[in-house]
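K.L.:
I'd like to ask you about the structure that follows.
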Amino acid sequence: MDIKSNIINALKEVISKEICKEIDIKLDKTPNLELGDYSVNICFRLAKELKKNPKIIAEELVDKLKAMNIEGVKEIKAVNGYINFYIDYNKFAKNLMEEIDKKGNNYGRGDKKSIKIILEHTSANPNGPLHIGHLRNAIIGDCLKRILEFYGYDVETHYYVNDMGRQMALVVYGIELFGLDKEKKKDHAIAETYVKINKYLEEHPEEEEKILELMRKYEDALENNEDNEITKKFEFAVNYALDGIKETLKNLNIKHDTFVWESSYVRNGMVKKVIEKLMETGKVIKEETYMLDLSDFGIEKKMVLARANGTSLYSTRDIAYHLDKLSKCDIGIDVLGADHKLTAEMVKAALKLLGSKVPEVIFYEFISLPEGSMSTRRGRFISTDELLEEAIKRAKEECNKRGVEENIAYDIGLGAVRYNIARISPEKPMVFRWEEALDFEKVGCPFIQYAHARCCSILKEAENKGVKDEAVFNYELTSEEKELIKMLDEFKDIIKESAESRRVHILANYLLELAKAFNRFYANCPILMTKVDDDVKKSRLKLVKSTKTVLETGLELLGINCPGRM
RNA sequence: GCCCUGGUGGUGUAGAGGAUAUCACGGGGGACUUCGGAUCCCCAAACCCGGGUUCAAAUCCCGGCCAGGGCCCCA
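Counting from 519, one number per residue, gives the positions in the first sequence under my numbering.
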């Protein structure tokens, strides 16, 4: 039984006995250690019902609570109507350090939940490289996958490949007209051709017909489940772009389990079936084409299910994909840009109409450039490759400046890129500025990695000196030690909160705080110095070891490596 | 016009009913003869505006204002 539950149980017992009430109790964190470690504000709530001053209620309750000798609690105080609990750090520290020691990098891991999640993320159109907008999707998605897995879910990641859109037909036609620059990285070569064909079409609008024809032919072939010249051209183009994208993802330390092509749902007839089933609901209106009435779901806009020429539409294929995906898992999660909000709502509504589960959708706001939003079509974007390359280059310079081996530059550079995005809550719009992206002081990641490296070197030094770590903790702990211990304990809650709310920035911000707490501890509490008492030395060393473990685990969950020296 | 997000020191960001609003950068000042200075400490500096709900509001509600996004037989 942990201390928090002990406190809550004791409170419930006292309140039901003294006041004859069952109430929900939530423990709060105190603003600082002087006010204890945990607190409750129930007295304010009780004050109204009992018509009594909250201060007095608190004092009375404290007397009763003290008499109960709650295990792990050293002191209880009533302050201005709050009840503050002070925990017994010596005991607490000992237990916690032993737990971390025993579990190692599994400390904080959730129990296996036997729940299958399919998490779709990145899913950028294969008409060019990942730009820094897609990067936000990819990083949020990948961190989330790691966190959910660690929390105990069985997670499969999907990359949904949009191979049927107009933009792919443009690429295919573009390759016919202009070919591909074989010198360039494949996804960049595709983008170059894509920009050219867009410009060409602006100048030759009469050729628009050819694009429509390509789309028509591709879809016809798919509907008949045929392979012919056209499908080969599309597949070539898509795979060509995907090769490049996969290379970038690999550099980002991101791996998808499955790539699902939207065309597969036309091939297997599911898209047709979706339309048929939707017709059966009686909510389909036939105008020039089929429109779905979703007003029952509060959506006034009608959802168009197919083009007048009979070809399918992105959102209809998306319904088929979700129907299939959601039948294969317990929870489906999509990471999508905020521009998909309306369509996502429509897809959800359509799924409900069909009696299906609906996906959870995580929206993130766009990353824009100071001069405006990005556009692959206009060639106005910053690619992830570019950013990563620059970040690693900058990391190398920093290493050289400090006389550290360059081979850790990748870890530092990638860490900065990933962390810089992971730390921001997704609903916040971001503006990309090179100076900020490459300012390693501003990005908290090197700070965290440095704290880890520092742990490593202290542990190594201890080994040289023959000092062994042990959770003795038989002395009065300093406030820095207490803060650090509390942070290490909090890791479990952070994982839970981060996983359950599907918010990765919570973990990212926590790690920075942990590193901060560690540095404060390091600055104020001598560890291996000769004047330090042996038991203190051993205990503090254990604290270092535990911090290293948690930093390692946490950074790994953000897909960030931590070098042993830097 | 309608819908959805966001608005917190100079800048970027956390906090989503509770006590003195987090952290970083930038500015100013300081610390260190032993464990690694990508360090630590201190100072100045912020909740868009107006109402409301509450013992308690940055946080919830209503109304403004500002910014971004959406409202395609695009994806």
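We put the CB at the ideal spot given by N, CA and C, even for glycine. Keep in mind that this is a model prediction, so the values were computed, not measured.
With burial defined as no fewer than 16 other Cβ atoms inside 10 Å of the residue's Cβ, what is the status of residue 626: buried or exposed?
P.N.:
The residue is buried, with at least 16 neighbouring Cβ atoms inside 10 Å.
K.L.:
Relative to the C-alpha of residue 835, which residue among 738, 1032, 683 is closest?
P.N.:
Closest option to residue 835, Cα to Cα, is 683.
K.L.:
Return the first residue and the last residue of the beta strand (DSSP E) that residue 879 is part of.
P.N.:
Run containing residue 879: 878-882, per the beta strand (DSSP E) assignment.
K.L.:
In the DSSP output, what is residue 557 paired with across the bridge?
P.N.:
Paired residues: 546, 602.
K.L.:
Alpha carbon to alpha carbon, what distance is there between residue 1020 and residue 852?
P.N.:
Straight-line Cα distance between these residues: approximately 11 Å.
K.L.:
Could you tell me which residues DSSP pairs with residue 810 in its beta bridges?
P.N.:
Residue 810 is bridged to 802, 821.
K.L.:
Beta strand (DSSP E) containing residue 630: first to last residue?
P.N.:
No beta strand (DSSP E) contains residue 630, which DSSP labels as neither H nor E.
K.L.:
Taking the runs of the beta strand (DSSP E) that are 3 residues or longer, which of them lie wholly in the region 820-860?
P.N.:
Those beta strand (DSSP E) runs which fall completely within the region 820-860 and span 3+ residues are 849-855.
K.L.:
DSSP three-state label for residue 636, please.
P.N.:
In this structure, residue 636 counts as strand in the three-state DSSP scheme.
K.L.:
Just to confirm, is the Cβ distance from residue 645 to residue 894 under 8 Å?
P.N.:
Contact: yes.
K.L.:
Whether or not the region 685-692 and the region 655-672 are in contact is what I'm after, with contact meaning three or more pairs of Cβ atoms, one per stretch, closer than 8 Å; do they touch?
P.N.:
At 8 Å Cβ cutoff, the stretches do not touch.
K.L.:
Could you tell me how far apart the beta carbons of residue 912 and residue 958 are, in whole angstroms, since I believe they sit closer than 8 Å?
P.N.:
Sure, about 7 Å apart at Cβ, within 8 Å.
K.L.:
In chain order, what residues of the same chain lie with their CB nearer than 8 Å to the CB of residue 841, ignoring the 5 residues before and after it?
P.N.:
Result list for residue 841: 788, 792, 869, 872, 874, in chain order.
K.L.:
Between which two residues does the alpha helix (DSSP H) holding residue 1068 run?
P.N.:
Where residue 1068 is concerned, the enclosing alpha helix (DSSP H) stretches over 1052-1075.
K.L.:
Among all the DSSP beta bridges, which residues are the ones paired with residue 649?
P.N.:
Beta-bridge pairing links residue 649 to 901.
K.L.:
What are the boundary residues of the beta strand (DSSP E) that includes residue 725?
P.N.:
From DSSP, residue 725 is part of no beta strand (DSSP E); its letter is neither H nor E.
K.L.:
Please name the residue, chosen from 628, 720, 647, that lies closest to residue 666 on a Cα-to-Cα basis.
P.N.:
Among 628, 720, 647, the Cα nearest to that of residue 666 belongs to 628.
K.L.:
Counting pairs of beta carbons, one from the region 592-611 and one from the region 544-564, are three or more of them closer than 8 Å?
P.N.:
The region 592-611, when compared against the region 544-564, does touch it at the 8 Å Cβ threshold.
K.L.:
Suppose the cutoff is 8 Å on Cβ atoms and the five residues either side in sequence are ignored; what does the same chain contact list for residue 1015 look like?
P.N.:
Counting only Cβ-Cβ distances below 8 Å, and skipping sequence neighbours, we find 1021, 1024.
K.L.:
For a test of the three-state rule: what should DSSP assign to residue 618, helix, strand or coil?
P.N.:
Here residue 618 sits in helix by DSSP.
K.L.:
Check residue 948 in the structure and name its three-state DSSP category.
P.N.:
Strand at residue 948.
K.L.:
Using the Cα positions of residue 718 and residue 753, report the straight-line distance between them to the nearest angstrom.
P.N.:
Cα-Cα distance, rounded: 23 Å.
K.L.:
When the Cα atoms are used, what is the spatial distance from residue 1048 to residue 999?
P.N.:
Cα to Cα, the separation comes out at about 19 Å.
K.L.:
Please report the distance separating the alpha-carbon of residue 960 from that of residue 973.
P.N.:
Using only the alpha carbons, I get a separation of about 22 Å.
K.L.:
Does the beta-carbon distance from residue 763 to residue 905 come in below 8 Å?
P.N.:
For residue 763 and residue 905, no; Cβs fall outside 8 Å.
K.L.:
On the criterion of 16 or more Cβ atoms from any shown chain inside 10 Å, does residue 581 qualify as buried, or is it exposed?
P.N.:
Exposed.
K.L.:
For the region 1057-1073 and the region 896-903, state whether three or more C-beta atom pairs, one from each stretch, are separated by less than 8 Å.
P.N.:
Too few Cβ pairs lie closer than 8 Å, so no.
K.L.:
Measuring alpha carbon to alpha carbon, tell me which residue in 1070, 529, 550, 907 is nearest residue 541.
P.N.:
Minimum Cα distance to residue 541 is reached at 529.
K.L.:
Is DSSP giving residue 541 helix, strand or coil here?
P.N.:
It is coil, neither helix nor strand.
K.L.:
So is the beta-carbon of residue 875 under 7 Å away from any non-hydrogen atom of the ligand FMN?
P.N.:
Looking at this structure, you won't find the ligand FMN or any other ligand, since it has none at all.
K.L.:
Rank 829, 532, 898 by C-alpha distance to the C-alpha of residue 807 and give the top, closest one.
P.N.:
Residue 807 has its Cα closest to that of 829, out of 829, 532, 898.
K.L.:
Helix, strand or coil for residue 706 per DSSP?
P.N.:
Correct three-state label for residue 706: helix.
K.L.:
Express the C-alpha separation of residue 611 and residue 994 in angstroms, rounding to a whole number.
P.N.:
Straight-line Cα distance between these residues: approximately 11 Å.
K.L.:
In its own chain, which residues sit with a C-beta less than 6 Å from the C-beta of residue 809, not counting the 5 before and 5 after it?
P.N.:
Cβ neighbours of residue 809 beyond the five flanking positions: 803, 820, 822.
K.L.:
On the three-pair Cβ rule with 8 Å, is the region 925-940 touching the region 758-774?
P.N.:
Enough Cβ pairs lie closer than 8 Å, so yes.
K.L.:
Measuring straight from C-alpha to C-alpha, what distance separates residue 712 and residue 855?
P.N.:
Looking at the two C-alpha atoms, the distance is approximately 22 Å.
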